[in-house]
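Numbering (the numbering used here), first residue to last: 3 to 88.
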C-alpha cells in the first residue's frame with residue numbers, strides 16, 4: 003500500500019501518526035501547518051488563497067459551470083447545453 007512513498011516521507015508520516023495518537027491536541031497544530039502548506043503551494047502556482055480550508059472544500063468539487071457571456075449585462079442565466087464528462 004505504501005510501496006511508492008519515499009522513505010523520508012514515510013518516516014514523516016509515521017512520526018505524525020505517532021504524535022497524533024500520543025498527544026491528540028497536536029492534531030490542531032498539524033491542521034494549521036497543513037493549511038499553511040496548502041496556501042503556500044497555491045501561491046507557488048500563482049493562485050491566490052487566504053484560507054487553506056477553502057482549497058480542501060474546492061477539492062471536492064465535481065461540477066463546474068462557466069458563463070462566458072452575459073455575466074454583466076443580463077440578470078438571468080439561460081442554460082443552453084449540458085456536457086457530462088466521466
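Backbone N, C-alpha and C define an ideal beta-carbon position, used for all residues, glycine too.
Residue burial classification, residue 42 (beta-carbon count within 10 angstroms, cutoff 16): exposed
8 Å contact criterion, which residue 22 and residue 15 should meet: CB distance rounded: That pair is no contact at about 11 Å.
Within 8 Å, strictly: CB atoms of residue 32 and residue 18: yes
Residue 41: first and last residue of the uninterrupted alpha helix (DSSP H) it sits in: 28-46
Backbone CA spacing between residue 11 and residue 65 [nearest angstrom]: 32 Å
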